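Contents: one structure, followed by commentary.
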Amino acid sequence: MRRSNPSFVLATLTLLGSLCSMANPAAAQTDLQQDYQAQLNEYSVVRLTADLSSLTENERKMLPLLIRAADLMNEVFWQQAYGDRTELMNQVEEPAGRKLLSINYGPWGRLKGNAPFIDGVGPKPEGANFYPQDMTKEEFEQHLKDNPDDEDAFKSLYTLIRRDRNGDLGAIWYHDMFRQQATAADLLDQAAELAEDDGLKKYLTLRAAALRTDDYQASDMAWLDMKDNTLDIVIGPIENYEDAMFGYKAANEGFVLIKDKEWSARLSRYAQLLPGLQRDLPVPDAYKQETPGTDSDLNAYDVIYYAGDCNAGAKTIAINLPNDEVVQLAKGTRRLQLKNAMQAKFDRILNPIADLLIDESQREHITFNAFFGNTMFHEVAHGLGIKNTIDGSGSVREVLRNHFSALEENKADILGLYMVGKLYEQGELTEGQVMDNYVTFMAGLFRSVRFGASSAHGKANMTSFNFFRQEGAFARDTSGRYRVDEEKMAAAIAKLAERLITLQGNGDFGAAGEWLDNMANVSPGLQADLDRINAQGIPVDIIFEQGLDVLGLNSNE
Amino acid sequence: MPIVIPPQAGMTGVVPLRLRMGDSPDSGAGITELLLNPSKIL
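Put into structure tokens, the structure is as follows:
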């Protein structure tokens, strides 16, 4: 079945609105301002603070350097996502419009399927500004056929594609294109001189070198070796979501982080429990023969600065890095739970959604600990289950191709909840109760699906919602409030876990597609509830007031 | 041999902008994997 494209519908409505307003310029101006304001209202403003009292004097001196380095990623990301920020800003007078441009790093609404919100701006190019605007996929591919030696540079995460003076395609290294990377590197070197932790000193020094050369591997290794640091910075070209044309190009970002050592200590033991949990999975033995690794590093942080890609549109609350698979194989990954950002989304978005949609008698089960736990166990649960098909035909990822991601995200959600249930049974979790996780997960489904039902996470959410409904794991009363049935929810989680792991282990591409076609849809009833959330004016995401002033640090320090 | 590419509108490239083929630090291997495995939660 063909579904209407929301971006197209939005663009059409915007165009119709523009045509109607042409006869009356004053009305058009008002419409525009109202539209800007409506989009701004989808974000709740949060002051990004953290407890700095435990920092040493040197660490306090390092913070301004790290924040300035991260801030430079804003300028780089503007150019990767759009182009000339100043020129665009000069075209818009209304403060609300300018604010929207800043939030979106360009004239396309990231919470609106990238619909343009500035008159005269066309659709967002698939390849953002990583490639020439007039380049087609075919031209890129043809160039590589004709010039096979160019493949490494053209497909590198760290090059832009541009035309030379003859109109031919060429690649340019980020460190050549973006002088901000070298400036950021100098700041990291200065911070390294102040660092008291040897691991952090080494990482900062290697990361500075990486920003000058676009060779990040040694610094990624050093980042994973670093265990006892309090301050951290994730900086450079990292994620490739912004390049929707090929996914070849990484976008620059910066997070400045303070590790919450007390929370991190609480998290550290969960990875150790994975082998036992794997043996307990509710699937036949053939589907649980693999042994999950226990070397993953799981930590909680407060973020004090977001810049670039991670600060655009919906904000990141948990990350799993690095992305370099050579480093992943050598040293595993680090999972970062961004605690203060999660708390902000919990307070400003999840709680109001729960007030609207969760039965009064179960509101007490909406807790921050459960929200934090569900996000964390989702990440941990990626390590459970099955990575290779049981018939030896290959990795689940290769065999299920474009269906893999939605199934994998759903598996992580469901096995995460399954783990929580088991850990309560085993006495490993003692604070709260499993219903907190179930009810908070239900409310969380409504929060997450607002970022888009067609993404991997969106499909995962819809599958859970529809499966739980089929199994009677929740009931919706006539006033539109949801109530979770603990016993049926536990049974539905086990049944869905079994279904997902079996689909993955069987590696049946057709069956996986059929499953998603049937399950990963927004039903009319759910859409009506999402409309109610929007009508209440509950924000979709958050934006930050952040920086040295907000932290109470003198910028001259 | 480096290819000189003129800066494009909107870019603050260092001049001259060089194209250095063959010394890529990253071959792009595993990109498909990255696309299929979201490494962040919103």
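Taken in sequence, the protein lines are chains A and B.
With the working numbering, you'll find the first sequence wraps up at 562, consecutive numbering, no jumps.
With the working numbering, you'll find the second sequence wraps up at 64, consecutive numbering, no jumps.
A virtual CB, placed ideally from N, CA and C, is assigned to each residue, including glycine.
Values in this document were obtained by computation on a predicted structure and should not be read as measured data.
In the DSSP assignment, R168(A) is bridged to L174(A). In this structure, the alpha-carbon of D219(A) lies about 18 Å from that of E247(A). Contact annotation: H408(A) and A249(A) have beta-carbon atoms that are not nearer than 8 Å. Per the coordinates, the alpha-carbon of D202(A) lies some 21 Å from the alpha-carbon of L326(A). Sixteen is the threshold: since fewer than 16 other Cβ atoms of the shown chains lie within 10 Å of the Cβ of D230(A), the residue is exposed. Counting the other Cβ atoms within 10 Å of the Cβ of V308(A) gives 16 or more, which makes it buried. Within chain B, the C-beta atoms nearer than 8 Å to that of K320(A) come from L64, in chain order. Here the alpha carbons of L60(A) and I238(A) stand approximately 15 Å from one another. Between A312(A) and N79(A), the beta carbon gap of about 5 Å places them in contact (Cβ cut-off 8 Å). Contact check for A276(A) against V425(A) fails: the beta carbons are separated by 8 Å or more. Assignment of V332(A) by DSSP, reduced to helix, strand and coil, places it in the helix class.
The Cβ-Cβ distance between L389(A) and I498(A) does not fall below 8 Å. Apart from sequence neighbours up to five positions away, the residues of its chain that approach W178(A) with a beta-carbon distance below 7 Å are Y163, T164 and D219, ordered along the chain.
Excluding sequence positions up to five before and after P297(A), its CB lies within less than 7 Å of the CB of L279, P280, Q283, G388 and L389, all in the same chain and listed in chain order.
In this structure, D360(A) sits away from H383(A), with a CB-CB distance that is not shorter than 8 Å. Under the three-state reduction of DSSP, Q342(A) is assigned to strand. Take Q367(A), set aside five residues on each side of it, and the residues of its chain with a beta-carbon closer than 7 Å to its own are V444, R488 and V489, in chain order. Partner residues in the beta bridge of W113(A), as assigned by DSSP, are P121(A).
Three or more beta-carbon pairs separated by less than 8 Å are not found between the region 409-416 of chain A and the region 332-343 of chain A, which leaves the two stretches without contact. Looking at the DSSP output, Y487(A) sits in a beta bridge with I363(A) and R481(A). Here DSSP, grouped into helix, strand and coil, assigns A323(A) to strand. If the five residues before and after F373(A) are omitted, its C-beta is found closer than 7 Å to the C-beta atoms of Q348 and F351, all from its own chain and listed in chain order. Residue pairing by DSSP places I547(A) opposite S49(A) in a beta bridge. Under DSSP, the beta-bridge partners assigned to L262(A) are D237(A) and V308(A).
Burial check for V51(A): the Cβ neighbour count within 10 Å reaches 16 or more, so the residue is buried. For G313(A), the beta-bridge partners assigned by DSSP are E258(A).
Remark: three or more beta-carbon pairs, one from each stretch, lie closer than 8 Å, so the region 104-113 of chain A and the region 121-132 of chain A are flagged as touching. Using a 10 angstroms sphere on the CB of D151(A), the tally of other CB atoms stays under 16, which defines it as exposed.
In summary, A86(A) is buried, with 16 or more beta-carbon neighbours lying within 10 Å of its beta-carbon over all protein chains present.
Counting only runs of 3 or more residues that sit fully inside the region 394-455 of chain A, no beta strand (DSSP E) segment turns up.
Sequence-distant partners of N466(A) (beyond 5 residues in either direction) whose C-beta falls short of 7 Å from its own C-beta, in its chain, are L450, S453 and V454. Note that the C-beta distance between G515(A) and D396(A) is not below 8 Å.
Between the beta-carbon of A213(A) and that of A190(A) there is about 4 Å, and that keeps the pair under the 8 Å contact cut. Per the DSSP secondary-structure output, D302(A) pairs in a beta bridge with R339(A). Annotation: the continuous alpha helix (DSSP H) that includes I72(A) extends over E62 to A86. In its chain, beyond the 5 residues on either side, I395 have a beta carbon closer than 6 Å to the beta carbon of A291(A).
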